[in-house]
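Student: Under the working numbering, think of the first position of the sequence shown as 16, with each following residue one higher.
The C-beta atom is built at its ideal place from N, Cα and C for all residues, glycine as well.
No experiment lies behind these values; they were computed from the predicted model shown.
First, the structure itself, so that you have it in front of you.
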Amino acid sequence: MPEPTVNPQSIQPTLEMISTELQGLGVHQIASFAWRDLDDPDAGGSEVHADQVFSRWASTGLHITHRTSSASGTREFERNGYQVVQRAGRYGVFPRVITHQLLNKHHYDAVIEIWNGVPWFSSLWARRPHVTWLHHIHTDMWKESLPAPLAPFGRLLEGTIAPSFYKAHPVITLAPATSDHLLSHGYKSDLIHVIAPGIDASFTNLNAAPRSPSPLICAVGRLAPVKQFDALIRQMKIITQQLPDARLVIVGDGPQRAELQHLIDHLGLTQQVSLLGHISNQELVSLYQSSWLLTSASHSEGWGMTITEAAACATPCVVLDNDGHRGAVKHNVSGLIVPTLDDLGLAVLRVLLEPPLQKTLSDGALMHAKSFTWDATATRTLGVLLDETKRQHRNNKRTDR
């Protein structure tokens with residue numbers, strides 16, 4: 016009997032295969048730049064995403080230099096196989112990095128721009144294959160991120176001025192809803208790539224901590240206005256009227272910590288609500304595993320990485336509706352998405368008071384989480400850079416004729 020034939024187009028390329036082809040096209044040195052780095056006190060999902068992807072790319076022989084602002088002085092070091100260069104402050108980093116790239120354009124073969132609110136306009140000066148990672152549109156977050164006179168300009172820059180410089184180049188985003196926003200701003204559909212982030216293997220640890228005997232709710236994020244932790248704390252006042260032994264544990268730090276602690280004290284919730292600050296990854300895994308559910312009142316997210324991390328620990332969620340949450344949560348399967356803060360409190364109570372519903376959502380969360388891996392994210396993301404490199408090579412050949 017003859018051997019069955021294999022259609023080459025049916026073979027899914029691995030990360031190593033894509034990297035080999037990319038290097039065959041002359042891409043060995045990749046320059047990337049971001050507003051802040053993984054060790055910044057305000058680092059979040061965007062910085063975790065960059066580290067997870069770049070470490071995997073570096074393992075295939077690609078050389079990545081990641082330039083960011085510095086939270087604690089000038090530093091250059093290697094992390095997980097790629098080079099990190101931290102110089103200048105939050106806003107000084109933009110002209111500094113752009114100037115460096117212009118003066119050293121022969122030292123890199125491709126560019127990754129991580130656009131977090133303020134664009135780098137790499138399409139104007141990066142004469143190499145380049146891809147933009149845009150995790151979410153900031154919209155109302157500008158009034159919380161910039162002083163009042165500058166906030167309207169931030170919205171104008173992100174929503175009106177910058178898009179015209181990016182429409183002809185590939186953009187990677189995390190959630191389908193963000194892709195819809197980009198389309199509404201004139202981006203080309205064939206250049207928008209929706210690639211979900213993965214989940215670190217540590218969150219799938221089979222040595223699970225036992226569930227808390229009493230209702231335990233967790234929330235994780237930077238203590239900043241956009242996360243609306245104050246609203247969660249107020250909802251706990253209502254929740255504990257029906258479930259006096261319910262507790263809310265909030266993980267993270269940020270500018271609102273003192274204000275939130277004052278609110279907890281004022282509402283008499285010092286026994287029911289705790290602010291843990293930053294904790295280790297191992298402690299976070301244990302918290303997810305022991306919690307009955309995770310909740311988020313954030314009004315804007317690019318994805319909601321804590322949601323899928325908790326899901327990998329079989330912990331469902333109740334979250335406020337926003338673009339990122341819609342991507343991270345499978346409604347009525349891995350958790351519940353609600354339209355208002357009042358609905359959030361009611362939905363939390365419902366899950367806590369209905370064990371069959373909690374079990375159904377817990378099983379659904381665990382199954383949903385299995386579809387997210389960092390290996391897949393890194394592979395698909397590098398595939399976009401390969402496609403862009405091929406496109407530029409074709410264009411260059413036409414120009415040379």
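With DSSP as the reference, identify every bridge partner of His-78, one or two as the case may be.
Tutor: Locating residue 78 in the sequence shown gives position 63, where the first residue counts as 1. Bridge partners of His-78: Gln-44.
Student: Go through its chain and collect everything with a Cβ distance to His-340's Cβ below 8 Å, but skip five positions before and after it.
Tutor: Indexing the sequence shown from 1 puts residue 340 at position 325. So the list reads Ser-311, Ser-313, Glu-316, Gly-319, Ile-322, Val-334 and Ile-352, once near-sequence residues are dropped.
Student: Distance, Cα to Cα, Pro-230 vs Gln-373?
Tutor: Residue 230 sits at position 215 when you count from the first residue of the sequence shown. Residue 373 sits at position 358 when you count from the first residue of the sequence shown. Rounded to whole angstroms, Pro-230 to Gln-373 spans 11 Å at the Cα level.
Student: Among Val-186, His-184 and Gln-286, which residue has its Cα nearest to the Cα of Lys-252?
Tutor: Working through the sequence shown from its first residue, we reach residue 252 at position 237. For the residues Val-186, His-184 and Gln-286, the minimum Cα distance to Lys-252 belongs to Gln-286.
Student: How big is the Cα-Cα spacing for Leu-278 and Leu-284?
Tutor: In the sequence shown, residue 278 corresponds to position 263, counting from 1. In the sequence shown, residue 284 corresponds to position 269, counting from 1. Straight-line Cα distance between these residues: approximately 9 Å.
Student: Take the Cβ of Glu-403 as the centre, count every other Cβ of all protein chains shown within 10 Å, and call the residue buried at 16 or more, exposed below.
Tutor: One-based indexing of the sequence shown puts residue 403 at position 388. Looking at its Cβ environment, which holds 16 or more other Cβ atoms inside 10 Å, Glu-403 is buried.
Student: If we count the other Cβ atoms within 10 Å of its Cβ and call it buried at 16 or more, is Thr-20 buried or exposed?
Tutor: Counting from 1 along the sequence shown, the entry for residue 20 is found at position 5. The predicted position of Thr-20 is uncertain, since its pLDDT is 48 and thus under 50; a value taken from the coordinates is nonetheless stated next. Its Cβ having fewer than 16 others within 10 Å, Thr-20 is exposed.
Student: Okay, do the region 383 to 396 and the region 358 to 374 touch, 3+ Cβ pairs below 8 Å being the bar?
Tutor: Short answer: they don't touch.
Student: Quick one: Cα of Pro-185 to Cα of Phe-136, how far?
Tutor: Taking the sequence shown and counting its residues from 1, one reaches residue 185 at position 170. Taking the sequence shown and counting its residues from 1, one reaches residue 136 at position 121. Using only the alpha carbons, I get a separation of about 13 Å.
Student: According to DSSP, simplified to helix, strand and coil, what is Pro-23?
Tutor: Within the sequence shown, residue 23 is the residue found at index 8, counting from 1. Low local confidence applies: a pLDDT of 49 at Pro-23 is under 50, so the model's placement there is unreliable, with the coordinate-based value given in what follows. Correct three-state label for Pro-23: helix.
Student: When the distance is taken between beta carbons, is Asp-338 closer than 9 Å to Thr-175?
Tutor: Translated into the one-based positions of the sequence shown, residue 175 becomes position 160. Translated into the one-based positions of the sequence shown, residue 338 becomes position 323. For Thr-175 and Asp-338, no; Cβs fall outside 9 Å.
Student: Going along the chain, which residues of its own chain have a beta-carbon closer than 6 Å to the beta-carbon of Met-16, five neighbours each way excluded?
Tutor: The residue you call residue 16 lines up with position 1 of the sequence shown. Its pLDDT being 45, under 50, Met-16 is placed unreliably by the model, and the measurement read from it follows with that caveat. Same-chain partners within the cutoff: there are none.
Student: How would you write the range of the alpha helix (DSSP H) that Thr-255 sits in, first residue to last?
Tutor: To locate residue 255, count along the sequence shown from 1; it is residue 240. Here the alpha helix (DSSP H) through Thr-255 covers 244 to 257.
Student: I'd like the list of long-range same chain contacts for Leu-238, defined as Cβ closer than 8 Å, with 5 residues on each side in sequence excluded.
Tutor: Mapped onto the sequence shown, residue 238 falls at position 223. Answer for Leu-238: Phe-244, Ile-265, Gly-267, Asp-268, Gly-269, Pro-270, Gln-271, Arg-272, Leu-275 and Leu-290, listed in chain order.
Student: To the nearest angstrom, how far is the alpha carbon of Met-195 from that of Arg-82?
Tutor: Here residue 195 is taken as the residue at index 180 of the sequence shown, counted from 1. Here residue 82 is taken as the residue at index 67 of the sequence shown, counted from 1. Correcting the residue identity first, residue 195 is Asp in this sequence and not Met. About 29 Å.
Student: Ser-138 and Leu-397: beta carbons closer than 9 Å?
Tutor: Against the sequence shown, residue 138 aligns to sequence position 123. Against the sequence shown, residue 397 aligns to sequence position 382. No, these two residues do not count as a Cβ contact at 9 Å.
Student: Please report the residue range of the beta strand (DSSP E) in which Arg-226 lies.
Tutor: Here residue 226 corresponds to residue number 211 of the sequence shown, with the count starting at 1. That residue, Arg-226, is in no beta strand (DSSP E); it is neither H nor E in DSSP.
Student: Is DSSP giving Tyr-303 helix, strand or coil here?
Tutor: Working through the sequence shown from its first residue, we reach residue 303 at position 288. Three-state result, Tyr-303: helix.
Student: Measuring straight from C-alpha to C-alpha, what distance separates Gly-342 and Ala-103?
Tutor: What you label residue 342 is simply residue 327 of the sequence shown in a count that begins at 1. What you label residue 103 is simply residue 88 of the sequence shown in a count that begins at 1. Straight-line Cα distance between these residues: approximately 34 Å.
Student: Which partner residues does Ile-232 have in the DSSP bridge list?
Tutor: Sequence index remark: in the sequence shown, residue 232 carries index 217 (1-based). BP columns for Ile-232 point to Leu-263 and Leu-308.
Student: Under a three-way DSSP split, which group does Gly-319 fall into?
Tutor: Taking the sequence shown and counting its residues from 1, one reaches residue 319 at position 304. Here Gly-319 sits in coil by DSSP.
Student: For the alpha helix (DSSP H) containing Ala-192, list its first residue and its last residue.
Tutor: Looking up residue 192 in the sequence shown gives position 177. Start and end: 191 to 199.
Student: On a Cα-Cα basis, can you pick out the residue from Pro-371, Ala-211 and Gln-304 that is closest to Trp-389?
Tutor: Working through the sequence shown from its first residue, we reach residue 389 at position 374. For Trp-389, the nearest C-alpha among the options comes from Ala-211.
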